[in-house]
Amino acid sequence: MRTAADAGDAATLLAAVPAGRRVALVDPRFVGHVHALRLGLTDPRFPAATVPGALTAQPEARGALLRALHRTAAAVGAGAPVVEPDADPAPDDRTVPGRIAVALEAEGIAVQRPALGSLVAAVPTDPEQQAAAEAGLASVDDEAVRLRTAVKAHDGFFTTYCISPYSRYIARWCARRNLTPNQVTTASLITALIAAGSAATGTRGGYVAAGILLLVSFVLDCTDGQLARYSLQYSTMGAWLDATFDRAKEYAYYAGLAIGAVRGGDDVWALALGAMVLQACRHVVDFSFNEANHDAVANTSPTAALSDKLDNVGWTVWVRRMIVLPIGERWAMIAVLTALTTPRIVFYALLVGCSLAACYTTAGRLLRSLTRRASRTDRAAQALADLADSGPLAQAVAKVAPGLPGAFTAPAVALLGTLVMIGGALFLPYGSPLTVAAAAVYVVLSGLAVARPLKGALDWLVPPFFRAAEYVTILVLAARSDVPHAVPAAFGLVSAVAYHHYDTVYRIRGGTGAPPQWLVRTIGGHEGRTALVVVLAAVLTHTSGFTTALTALAVAVALVVLVESIRFWVSSSAPAVHDEGELA
3 MRTAADAGDA ATLLAAVPAG RRVALVDPRF VGHVHALRLG LTDPRFPAAT
53 VPGALTAQPE ARGALLRALH RTAAAVGAGA PVVEPDADPA PDDRTVPGRI
103 AVALEAEGIA VQRPALGSLV AAVPTDPEQQ AAAEAGLASV DDEAVRLRTA
153 VKAHDGFFTT YCISPYSRYI ARWCARRNLT PNQVTTASLI TALIAAGSAA
203 TGTRGGYVAA GILLLVSFVL DCTDGQLARY SLQYSTMGAW LDATFDRAKE
253 YAYYAGLAIG AVRGGDDVWA LALGAMVLQA CRHVVDFSFN EANHDAVANT
303 SPTAALSDKL DNVGWTVWVR RMIVLPIGER WAMIAVLTAL TTPRIVFYAL
353 LVGCSLAACY TTAGRLLRSL TRRASRTDRA AQALADLADS GPLAQAVAKV
403 APGLPGAFTA PAVALLGTLV MIGGALFLPY GSPLTVAAAA VYVVLSGLAV
453 ARPLKGALDW LVPPFFRAAE YVTILVLAAR SDVPHAVPAA FGLVSAVAYH
503 HYDTVYRIRG GTGAPPQWLV RTIGGHEGRT ALVVVLAAVL THTSGFTTAL
553 TALAVAVALV VLVESIRFWV SSSAPAVHDE GELA
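All residue numbers for the sequence shown refer to the numbering used here, where the first residue is 3 and numbers rise by one.
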């Protein structure tokens, strides 16, 4: 810490600080809570941030900070105004940190101004303001505020009332022992894997232990995010771990239940894969809709207005959040049913509950899209194209085929291709060349669906249709093959592909774009993988070679996408964020 006599002295002192370090300016008259300073000065996600009387800059904003300090020193020294003459700055912008924040924004640097709520952060200029600031400081317990804001503002009923009331204290306990969110996330994963192993024993004691451990894993899953918010420990690795481990835990647990059921004489692998497919398709509906509409112009509709009204009625908020079967309610249901019933009943409940939730959420998104008059952006269209995951075959068709006219052409063509592919897998003779022909039709229709920018009102349905076509086709062909272990191998393949699709979502959310095209080409795109599985089923009809081929394909896809994903998320190009997660 260094004390500067004025802005010019501050510039001199900051210039001597190594270029790779974060720096902060605090007005010596600052009065406020310690947590207000934490929020303004220690959050790593933004190039610059400010609260009244204090400002911080990351290395990428250091140059602009020094220029602003020199200009401020010159302006103050000359008695000139530090903002435009016709501007009406807020009182906080008249302090040196406030002036610097305005100057940084003028240079195009995004300056974060965290919401402080009841926390005090002020620079008093007279005894009256000093007394008011000190009174506010004494009346608010910043530790209580810190604990309260560690919990997400919008969460499910089970998480809000059954987990967060005590998990926030676990987060504080971890913070005081210098544990990191990544360590808690890893502990949650390990606990879930032990739960899956317990379920795989196929015994009642194992099922009871699995249910308890799954709930413990969920408590830790809530704690890691609360710890990150409590201690402002956000990181690139944390973003990757938090974004992917939830799915890894859930899918591993499904596999453990399926293994345990087989040991008890009940093969439920098809149900386990069906539950995974349904959950993944639910998520891609949410992701696609949000990406298509989050920056749309005139983004309003009567349906959205009704939803906003219902959000102001307390009991409807919780009912609507519970209907979608968010992760807290879902994991609680799985844990209780595992301990008390059988894996088959667990999967039946999952399939019914997730189907109802999918119908509710998708119907609401359809109504919003049809009643919304919005102009979608090029960025949204690119995000949908990336989520579509079109490989070389579909891209080749899109290059030679003209964009089909009509507002609803893309989703209609994608739906037709999905019905042709799933229908062929379901109803044509297993291994028939006609199924291969259906796959060829699917490839062509997939290319036609993405031949023009996806800016239509319902074009967000294109990626979910493609996910359903690929995942369900793999499930159906493996189930119909009557080959030992084909469905577990298909489970592994869908898990690897789903990881790639979730990774794509979180990269787009971080603002860094989709995975590189070489990766999409290497793993074939959705249409290439679907066609390959169909051909393998036709060539290796009713032989163990089909299981071997599915396993090899799963391993190859997993290796490629995991290596590239790990390289990206631990690199400096990954966004320093902590994902807040989806309700579902």
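All residues carry an ideal CB built from backbone N, CA and C; glycine is no exception.
Bridge pairing for glycine 34: Ala123 [DSSP].
Around the beta carbon of glutamate 62, a 10 Å sphere encloses fewer than 16 other beta carbons of the protein chains shown; the residue is thus reported as exposed.
In this model, valine 122 and threonine 74 are separated by some 26 Å (Cα to Cα). Segment contact: the stretch 260-280 against the stretch 472-480, three or more CB-CB distances shorter than 8 Å; contact assigned. Under DSSP, leucine 27 forms a beta bridge with Leu57. Using a Cβ distance threshold of 8 Å, valine 186 and leucine 229 count as a contacting pair. Here lysine 251 is buried. Its C-beta has 16 or more other C-beta atoms within 10 Å.
A direct Cα-Cα distance of roughly 45 Å separates serine 573 from glycine 266. No Cβ-Cβ contact shorter than 8 Å links arginine 148 with tyrosine 236. Of all alpha-carbon atoms in Pro465, Tyr171, Ile336 and Cys356, the one lying nearest the alpha-carbon of asparagine 292 is that of Pro465. Inter-residue distance for alanine 146 and glycine 138 is about 14 Å (C-alpha atoms, whole angstroms). Judged by DSSP in its simplified three-state form, threonine 74 adopts helix. Judged by DSSP secondary structure, phenylalanine 48 falls outside any alpha helix (DSSP H); it is assigned neither H nor E. Going by beta carbons, arginine 469 and alanine 359 fall outside the 8 Å limit. Under the DSSP assignment, tyrosine 171 falls in the alpha helix (DSSP H) whose first and last residues are 166-178. The Cβ atoms of glycine 527 and aspartate 391 lie closer than 8 Å to each other.
Every alpha helix (DSSP H) of 4 residues or more that sits fully in the stretch 479-536 is shown, in chain order, as 488-511 and 519-524. Valine 113 is bridged by DSSP to Ala50. Around the beta carbon of aspartate 223, a 10 Å sphere encloses 16 or more other beta carbons of the protein chains shown; the residue is thus reported as buried. Nearest to glycine 110 by alpha-carbon distance, out of Pro126, Gly119, Ala134 and Ala70, is Ala70.
Nearest in C-alpha terms to alanine 260, of all of Ala198, Ala365, Val438 and His502, is Ala198. Its Cα nearest to that of leucine 538, the residue Leu555 stands out among Arg40, Leu555 and Ile525. Judged by DSSP secondary structure, serine 233 falls within the alpha helix (DSSP H) whose first and last residues are 206-233. Going by beta carbons, alanine 9 and glycine 55 fall outside the 8 Å limit. In the structure shown, the three-state DSSP call for serine 237 is coil. The DSSP-derived three-state label of alanine 403 is coil. For arginine 4, the three-state secondary structure derived from DSSP is coil. Residue burial annotation: arginine 179 is exposed, with fewer than 16 other C-beta atoms found within 10 angstroms of its C-beta.
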